[in-house]
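First up is the structure itself, then whatever we jot down about it.
Set out below in structure tokens:
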């Protein structure tokens with residue numbers, strides 16, 4: 532756990548499950564109204580698939596009695612974009628601090644966001660350079676439409692429950708079409724019978740997509756022939 536000068540938690544850190552496994556950094560951004568502790572079961576499920584990874588669960592920037600969020604989503608469009616941009620910059624700084632302290636580069640970092648945390652993560656995908664080589668968006672929506680000339684500095688995996696009533700899956704479908712149109716490295720999975728929460732099936736989809744990206748283009752090891 533990292534604490535700022537006012538005594539507020541900045542993030543919760545979970546050590547690797549297996550120190551001998553490949554070293555990576557998993558950064559998690561929870562949904563509005565949640566907390567690092569509330570998102571810990573998802574992070575632990577991811578660590579079981581990447582046992583050598585340090586998991587960092589970031590604390591939302593705005594604290595309430597029932598949880599945290601990252602930005603005020605009730606503001607008018609222009610003001611909301613300013614607030615999202617400010618939140619993005621602050622979280623980018625935190626991620627950079629973690630990467631420097633752990634000596635783990637962005638290309639070995641996976642950023643996972645849920646709902647409002649996914650919106651923030653998708654904004655970070657537009658950063659140059661991006662803070663992670665791979666960004667996973669669960670139930671996310673873009674803060675602003677993709678425009679001609681936009682660039683995305685990370686591989687993005689969009690994952691959405693088919694029956695998500697809080698953030699309908701059309702938002703991920705629209706993001707996918709826009710990102711594809713500008714040449715982004717992006718995938719889309721609309722998962723049947725799933726809603727807004729992240730259960731084991733959605734964890735499996737996300738971790739599988741990340742593994743496919745990590746091992747893409749690698750040649751299989753030759754089989755040994757016994758004589």
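Residue numbers (this note's numbering): 532 to 758.
Think of the CB as a built atom: it goes at the ideal place given N, C-alpha and C, for glycine as much as any other residue.
Residue nearest to residue i in terms of C-alpha spacing, selected from the options
{"i": "residue 704", "options": "716, 671, 681", "result": "671"}
{"i": "residue 553", "options": "600, 579, 594", "result": "579"}
{"i": "residue 680", "options": "715, 582, 660", "result": "715"}
{"i": "residue 598", "options": "663, 684, 570", "result": "570"}
{"i": "residue 653", "options": "684, 639, 633, 574", "result": "684"}
{"i": "residue 721", "options": "742, 701, 662", "result": "701"}
{"i": "residue 682", "options": "617, 659, 575", "result": "659"}
{"i": "residue 575", "options": "738, 745, 744", "result": "738"}
{"i": "residue 744", "options": "708, 639, 696", "result": "639"}
{"i": "residue 643", "options": "573, 616, 632", "result": "573"}
{"i": "residue 676", "options": "713, 723, 620, 633", "result": "713"}
Residues near residue i by beta carbon distance below 7 Å, same chain, minus five either side
{"i": "residue 546", "result": "585"}
{"i": "residue 725", "result": "692, 693, 694, 732, 733"}
{"i": "residue 582", "result": "547, 548, 549, 552"}
{"i": "residue 754", "result": "Residue placement at residue 754 is poorly supported in this model, since its pLDDT is 45, which falls under 50; the coordinates are not used for a value here."}
{"i": "residue 746", "result": "none"}
{"i": "residue 707", "result": "689, 717, 719"}
{"i": "residue 661", "result": "637, 655, 684, 685"}
{"i": "residue 618", "result": "592, 601, 602, 651"}
{"i": "residue 723", "result": "693"}
Residue i, DSSP secondary structure in three states
{"i": "residue 673", "result": "coil"}
{"i": "residue 668", "result": "strand"}
{"i": "residue 600", "result": "strand"}
{"i": "residue 545", "result": "strand"}
{"i": "residue 686", "result": "strand"}
{"i": "residue 587", "result": "strand"}
{"i": "residue 747", "result": "coil"}
{"i": "residue 721", "result": "strand"}
{"i": "residue 694", "result": "coil"}
{"i": "residue 741", "result": "helix"}
{"i": "residue 703", "result": "helix"}
{"i": "residue 565", "result": "strand"}
{"i": "residue 759", "result": "One cannot answer for residue 759 here, as it falls past the ends of the chain, which runs 532 to 758."}
{"i": "residue 581", "result": "coil"}
{"i": "residue 713", "result": "coil"}
{"i": "residue 770", "result": "The structure shown does not extend to residue 770, since the chain is modelled only from 532 through 758, so no value can be given for it."}
{"i": "residue 644", "result": "strand"}
{"i": "residue 555", "result": "strand"}
Cβ neighbours of residue i in the same chain (closer than 6 Å, five flanking residues each side left out)
{"i": "residue 669", "result": "645, 649, 690, 729"}
{"i": "residue 688", "result": "667, 718, 740"}
{"i": "residue 544", "result": "587"}
{"i": "residue 565", "result": "598"}
{"i": "residue 697", "result": "727"}
Rounded C-alpha distance that separates residue i from residue j
{"i": "residue 614", "j": "residue 657", "result": "16 Å"}
{"i": "residue 635", "j": "residue 651", "result": "21 Å"}
{"i": "residue 674", "j": "residue 711", "result": "17 Å"}
{"i": "residue 594", "j": "residue 735", "result": "30 Å"}
{"i": "residue 699", "j": "residue 637", "result": "30 Å"}
{"i": "residue 663", "j": "residue 727", "result": "24 Å"}
{"i": "residue 665", "j": "residue 742", "result": "10 Å"}
{"i": "residue 631", "j": "residue 620", "result": "17 Å"}
{"i": "residue 709", "j": "residue 633", "result": "35 Å"}
{"i": "residue 577", "j": "residue 641", "result": "11 Å"}
Same chain, Cβ closer than 8 Å to residue i, neighbours up to 5 away in sequence not counted
{"i": "residue 542", "result": "532, 533, 567, 587, 588, 589, 590, 625, 629"}
{"i": "residue 604", "result": "563, 611, 647"}
{"i": "residue 622", "result": "560, 589, 592, 601, 651, 655"}
{"i": "residue 616", "result": "654"}
is_contact[residue i, chain B] using C-beta, thresh 7 Å
{"i": "residue 660", "result": "No chain B appears in this structure, which consists of one protein chain only."}
Query - Meets three-Cβ-pair contact criterion under 8 Å: the stretch 621 to 638 and the stretch 554 to 568 - result: Per the Cβ contact rule, the stretch 621 to 638 is in contact with the stretch 554 to 568 (3 or more Cβ pairs under 8 Å).
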